[in-house]
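Just below is one structure, and these are the notes that go with it.
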Amino acid sequence: MKKIFLYITTALAIISFNSCSDKDSITEEADREFMTMFRTDDNTGRGDNDPYRCQVITVNGHNNSVHLYWYGVDDCAGYELKWALQPAVSSGLASDWENPDNIIKDTIVSPDCLDMVINNMEYSTDYRFAIRTLSKKGEGYHSKWYGYGSGRQWAEYCGLTTGNRYPVPEIITQSAPTKTSVRIYINPSYEDAVNNYTESVPNEFDKNFEVKDGKFVMQKLTVKPSSENPNAPVPDEFANYKLSEADFERGYIDIEGLQESSVYIINVENTNIPVAVDAVYNTLSVRTDGEVGDPILITHEVTPNDTLSDGTTLVDISSYNAMRLDEVFTDYIHNNKLAEGTIFELEGGKAYYFKNNMSLSKGFTLRTRPEDIAAGKGRAKVYLGGLWKEGTTVKSNNFMFGRQPLSGENYTLFVKSLEFENIDFDCPLAEHFNGTSNGTGNYFINMYSNGMAVTLQSFTVKDCSFRRMIRGFIRVQGSKVKQFEHVLVEGCDFYDCGYYDNNGRGYAWVAGDGAQPKSNIFKDMVFRNNTFYDSPRTCMITDNGKDLDWPTSVTYNITIENNTFVNFSTCSSGRQIIDLRYLPGGSKISIKNNLFILTKQSDDDRYLYQGGADIRTINGSGEASWDISNNWSTNTFLTSGQIFTGNAFNATKNSFGKWAEWNVAGASELEVHVDNISPEDLMTSPNPPHKQSGTTGSIDTHTIDNLNGLYFKNTSTVKNSKIYQLGIGASKWRESVK
Numbered sequence: 028m029k030k031i032f033l034y035i036t037t038a039l040a041i042i043s044f045n046s047c048s049d050k051d052s053i054t055e056e057a058d059r060e061f062m063t064m065f066r067t068d069d070n071t072g073r074g075d076n077d078p079y080r081c082q083v084i085t086v087n088g089h090n091n092s093v094h095l096y097w098y099g100v101d102d103c104a105g106y107e108l109k110w111a112l113q114p115a116v117s118s119g120l121a122s123d124w125e126n127p128d129n130i131i132k133d134t135i136v137s138p139d140c141l142d143m144v145i146n147n148m149e150y151s152t153d154y155r156f157a158i159r160t161l162s163k164k165g166e167g168y169h170s171k172w173y174g175y176g177s178g179r180q181w182a183e184y185c186g187l188t189t190g191n192r193y194p195v196p197e198i199i200t201q202s203a204p205t206k207t208s209v210r211i212y213i214n215p216s217y218e219d220a221v222n223n224y225t226e227s228v229p230n231e232f233d234k235n236f237e238v239k240d241g242k243f244v245m246q247k248l249t250v251k252p253s254s255e256n257p258n259a260p261v262p263d264e265f266a267n268y269k270l271s272e273a274d275f276e277r278g279y280i281d282i283e284g285l286q287e288s289s290v291y292i293i294n295v296e297n298t299n300i301p302v303a304v305d306a307v308y309n310t311l312s313v314r315t316d317g318e319v320g321d322p323i324l325i326t327h328e329v330t331p332n333d334t335l336s337d338g339t340t341l342v343d344i345s346s347y348n349a350m351r352l353d354e355v356f357t358d359y360i361h362n363n364k365l366a367e368g369t370i371f372e373l374e375g376g377k378a379y380y381f382k383n384n385m386s387l388s389k390g391f392t393l394r395t396r397p398e399d400i401a402a403g404k405g406r407a408k409v410y411l412g413g414l415w416k417e418g419t420t421v422k423s424n425n426f427m428f429g430r431q432p433l434s435g436e437n438y439t440l441f442v443k444s445l446e447f448e449n450i451d452f453d454c455p456l457a458e459h460f461n462g463t464s465n466g467t468g469n470y471f472i473n474m475y476s477n478g479m480a481v482t483l484q485s486f487t488v489k490d491c492s493f494r495r496m497i498r499g500f501i502r503v504q505g506s507k508v509k510q511f512e513h514v515l516v517e518g519c520d521f522y523d524c525g526y527y528d529n530n531g532r533g534y535a536w537v538a539g540d541g542a543q544p545k546s547n548i549f550k551d552m553v554f555r556n557n558t559f560y561d562s563p564r565t566c567m568i569t570d571n572g573k574d575l576d577w578p579t580s581v582t583y584n585i586t587i588e589n590n591t592f593v594n595f596s597t598c599s600s601g602r603q604i605i606d607l608r609y610l611p612g613g614s615k616i617s618i619k620n621n622l623f624i625l626t627k628q629s630d631d632d633r634y635l636y637q638g639g640a641d642i643r644t645i646n647g648s649g650e651a652s653w654d655i656s657n658n659w660s661t662n663t664f665l666t667s668g669q670i671f672t673g674n675a676f677n678a679t680k681n682s683f684g685k686w687a688e689w690n691v692a693g694a695s696e697l698e699v700h701v702d703n704i705s706p707e708d709l710m711t712s713p714n715p716p717h718k719q720s721g722t723t724g725s726i727d728t729h730t731i732d733n734l735n736g737l738y739f740k741n742t743s744t745v746k747n748s749k750i751y752q753l754g755i756g757a758s759k760w761r762e763s764v765k
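When you line the sequence shown up against this note's numbering, it's residues 28 to 765, in that order.
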């Protein structure tokens with residue numbers, strides 16, 4: 028048996044297991060070289076204490092280099108290494124790793140080489156690496172590849188994320204594009220860049236960029252098509268445009284001859300810098316305009332079965348009578364014949380589904396056909412996965428803000444508008460109640476941790492229902508800047524969301540990244556006329572409780588009005604409606620006309636916790652504004668005369684009451700008023716079910732098929748209540764009262 032030079036005994040055991048466990052099989056397998064591995068914490072157990080671990084390193088002050096180390100195999104012919112961007116190979120499939128289009132570089136090193144430094148990689152980018160041992164006997168005897176794992180098999184892959192690029196001056200900006208052109212404004216002034224800089228870390232522009240006579244040095248402008256439409260034409264003049272003094276004096280360049288409804292990437296760069304990733308200044312992503320045509324009806328055609336991710340095993344989903352939508356929207360993103368803002372319509376009463384995560388990098392509207400709603404056919408149903416399991420795991424998915432970057436794509440995606448209307452969203456097999464698992468990790472819209480920076484002009488969800496969105500509703504993450512100009516969620520129902528256990532686990536309904544101070548998804552966020560029914564989550568709105576050094580341009584403006592909350596996140600204490608421990612100065616929070624109900628069946632032994640708000644510090648200016656008034660509750664399960672068991676709105680510690688003088692309606696309105704009416708007197712069937720249908724035992728499920736029975740009662744008691752007379756809560760529950 029060959030001798031293997033190893034650094035630790037643990038690695039010896041792992042390599043022996045992976046390479047020798049099948050020695051009794053065919054001769055070719057037994058004669059393979061031993062499989063080497065990259066040194067990672069999964070096979071050393073030493074974490075950052077291992078000086079020979081694979082890691083990102085800083086070279087010349089820039090943290091976009093990696094140092095790879097691997098274990099040596101005696102008497103081999105050498106080692107073959109290759110690496111790729113994480114999105115291209117994260118499936119773990121050999122076919123993805125063996126597709127040359129996915130591989131950045133494939134190289135061979137000598138047998139005495141046990142480490143490699145790779146310099147000048149893309150900043151803020153996830154990479155995956157693979158390695159195999161080469162045999163002197165030839166191809167059939169090389170070892171198996173280490174590194175093809177999907178990422179779930181932690182000991183079978185090596186992934187590294189390069190560091191963020193140093194601050195970059197904003198040299199170029201854009202006008203609103205036409206169908207075939209865009210004006211690019213260019214300002215090389217060093218002084219202006221410094222004056223416009225708002226981040227908390229030093230800019231060090233003069234250290235990282237060439238400055239001459241008070242101006243940043245640049246010689247050319249480049250235009251190229253985005254990976255979303257790689258075949259979009261670029262006029263020869265602008266593919267490699269030489270900047271002139273006239274351009275700088277004029278202050279702009281008109282780029283013409285572009286293709287409509289297409290995305291182009293525009294850079295200016297300093298050719299004196301030999302490293303491409305350091306030569307460019309800020310990058311622009313420009314989507315040319317297009318003509319939005321008539322709404323497109325997606326005619327329902329049932330997909331009777333589907334395949335698992337390995338492409339082999341058929342899954343029968345005929346019972347759902349659902350049509351797959353993935354291909355429709357994948358084509359839309361790349362199709363320049365369909366302009367951003369295209370309206371897609373689904374047939375009322377029919378079911379559709381997404382098999383995989385769907386990236387949202389091009390704005391659109393998805394709705395049930397209005398004529399079908401008017402005809403009483405009901406909403407279309409859209410399943411976000413949840414139609415089968417792969418092993419023991421529910422195959423769920425989410426919409427994803429933006430998308431993952433490909434090589435060189437270190438820029439901001441601009442998305443005009445995303446709108447969802449009159450759709451019932453569900454994930455049927457999602458695990459919602461405490462049992463053998465931790466619950467399904469699905470959202471309505473999530474974001475990749477390495478997702479690109481996104482500016483979203485408008486995000487609207489109207490008259491939809493959401494069932495079995497277990498982990499969260501809207502979540503962004505990662506270090507890139509996320510800017511949402513306007514968010515509106517109106518007339519929606521949320522139920523069977525969150526996860527039932529002692530902690531009421533799950534992310535927030537809306538979760539900011541808590542990482543990037545220039546991000547702001549709460550710039551103008553409105554939740555109006557919605558119902559949240561018996562769904563345990565951490566809170567309604569949070570930025571993950573991070574104390575960030577926000578620039579003065581970042582303020583929150585959050586409105587929560589005319590919503591009905593029935594048992595909102597009641598599984599444990601410490602769960603709030605608002606969890607913004609550190610708030611940017613100048614922010615405004617409005618909470619008005621909401622109805623809060625705590626209720627349960629007589630044989631239901633659950634606790635009913637209810638938290639109001641957790642706000643501890645106002646940063647920046649140290650001032651904010653509250654508009655809190657006319658909120659009401661029923662008269663059951665009160666604590667100290669209020670519906671909140673902790674952190675009431677008027678609490679003088681860690682809540683709005685700490686700054687009661689800022690409430691525009693007066694300090695007294697911070698308190699939630701109690702109407703003299705019980706949940707059972709107010710509504711039909713308000714108590715959430717907690718036992719499996721048709722059983723007499725104590726098999727808890729905490730699920731409900733729909734909210735159809737939750738209307739206000741048509742009684743004089745209801746009509747004389749303040750809740751009814753003042754129009755408190757979601758309007759739909761009063762519609763049956765005449």
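Each residue gets a CB set at the ideal place from its N, CA and C atoms; glycine is no exception.
Values in this document were obtained by computation on a predicted structure and should not be read as measured data.
Annotation: the continuous beta strand (DSSP E) that includes Phe-381 extends over 378–381. In the DSSP assignment, Tyr-150 falls outside any alpha helix (DSSP H) and carries neither an H nor an E. Annotation: Lys-234 is outside any beta strand (DSSP E); the continuous alpha helix (DSSP H) that includes it extends over 232–235.
Counting along the chain, Trp-686 sits inside no beta strand (DSSP E), nor does DSSP assign it H or E at all. Around the beta carbon of Ala-480, 16 or more other beta carbons sit within 10 angstroms, so the residue counts as buried. For the options Ala-538, Arg-502, Ser-506 and Ser-562, the alpha carbon positioned closest to that of Gly-531 is the one of Ser-562. About 5 Å separates the CB atoms of His-513 and Asp-551; that is less than 8 Å, so the two are in contact.
Within the DSSP bridge table, the entry for Arg-351 names Tyr-380 as partners. The C-beta separation of Asn-714 from Thr-626 comes to about 5 Å, placing the pair in contact by the 8 Å criterion. Setting aside the 5 residues that flank it on each side, Asp-133 is surrounded in the same chain by Lys-109, each with a C-beta closer than 6 Å to its C-beta; the list follows chain order. Within the region 152–220, the complete beta strand (DSSP E) segments at least 3 residues long are 153–161, 185–188, 199–201 and 209–213, listed from N- to C-terminus. Looking at Ile-568, Phe-559, Asn-584 and Thr-249, the one whose alpha-carbon comes closest to that of Phe-592 is Phe-559. Inter-segment contact for the region 650–661 and the region 733–746 is absent: fewer than three beta-carbon pairs are separated by less than 8 Å. Between the C-alpha atoms of Tyr-379 and Ala-349 there is a straight-line separation of about 5 Å.
DSSP places Ile-131 within a strand segment (E or B) once states are collapsed to three. In the DSSP assignment, Glu-107 falls within the beta strand (DSSP E) that extends over 105–112. DSSP assignment within the region 624–681 yields no whole alpha helix (DSSP H) run of 4 residues or more.
The Cβ atoms of Lys-247 and Tyr-217 lie no closer than 8 Å to each other. Between the region 289–304 and the region 239–257 there are three or more C-beta pairs closer than 8 Å, enough to call the two in contact. Counting every other CB atom within 10 Å of its CB across the protein chains shown gives Asp-520 a total of 16 or more, marking it as buried. For Ala-407, the secondary structure class from DSSP, reduced to helix, strand or coil, is strand. The Cβ neighbour count for Val-307, taken over all protein chains shown within 10 Å, is at least 16; the residue is labelled buried. Secondary structure of Asn-571 (DSSP, three-state): coil. A distance below 6 Å between beta-carbons, with the five flanking residues on each side excluded, links Arg-159 to the following residues of its chain, in chain order: Glu-107, His-169, Ser-170 and Trp-172. The Cβ-Cβ distance between Phe-511 and Val-537 does not fall below 8 Å. One alpha carbon belongs to Phe-452, the other to Arg-608, and they sit about 31 Å apart. CA-to-CA, the gap between Ser-208 and Leu-352 works out to about 32 Å.
The region 414–450 contains, as complete beta strand (DSSP E) runs of 3+ residues, the segments 420–423, 426–428 and 439–448 (chain order).
Judged by DSSP secondary structure, Arg-277 falls within the alpha helix (DSSP H) whose first and last residues are 272–277.
In this structure, the alpha-carbon of Pro-229 lies about 56 Å from that of His-327.
According to the DSSP assignment, Pro-252 belongs to the beta strand (DSSP E) that extends over 247–252.
Using a Cβ distance threshold of 8 Å, Asn-309 and Ile-199 count as a contacting pair. Excluding five sequence positions before and after Ile-280, the CB atoms of its chain that fall closer than 6 Å to its own CB belong to Ile-211 and Asp-274, given in chain order. Boundaries of the beta strand (DSSP E) around Phe-391: 391–395. The continuous beta strand (DSSP E) containing Lys-615 extends over residues 615–619. The three-state reading of DSSP puts Val-319 in coil, since its state is none of H, G, I, E or B.
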